[in-house]
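Worksheet for the structure shown next.
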Amino acid sequence: MTDNQIALIHAASDSVLVERLFSMARNGNAGAEEFTVIDHEVYQRLARAYGQSLEDMPVETMMAA
2 MTDNQIALIH AASDSVLVER LFSMARNGNA GAEEFTVIDH EVYQRLARAY
52 GQSLEDMPVE TMMAA
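If you read the sequence shown in our numbering, its first letter stands for residue 2, the second for the next number, and so on.
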């Protein structure tokens, strides 16, 4: 992915990211680089919302871990 594509992912709303994740998963694209980048962004935001870092979250709770 390009830096611009990654920047767009970082700027996207939570609902857009989650919708895209589920769409990709339903279509069998869970192994794509875009899926991994979006998954990471969603989990970073979730961790931040609870005052944690991504490293504090148990890996087994992450979809693409």
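A virtual CB, placed ideally from N, CA and C, is assigned to each residue, including glycine.
If the five residues before and after Met2 are omitted, its C-beta is found closer than 7 Å to the C-beta atoms of Glu34, Glu35 and Val38, all from its own chain and listed in chain order. Counting only runs of 4 or more residues that sit fully inside the region 5–37, the alpha helix (DSSP H) segments are 15–27, in chain order. Closest by C-alpha distance to Gln6, out of Arg46, Leu55 and Glu42, is Glu42.
Under the criterion of beta carbons closer than 8 Å, Arg46 and Asp15 qualify as touching, at roughly 6 Å.
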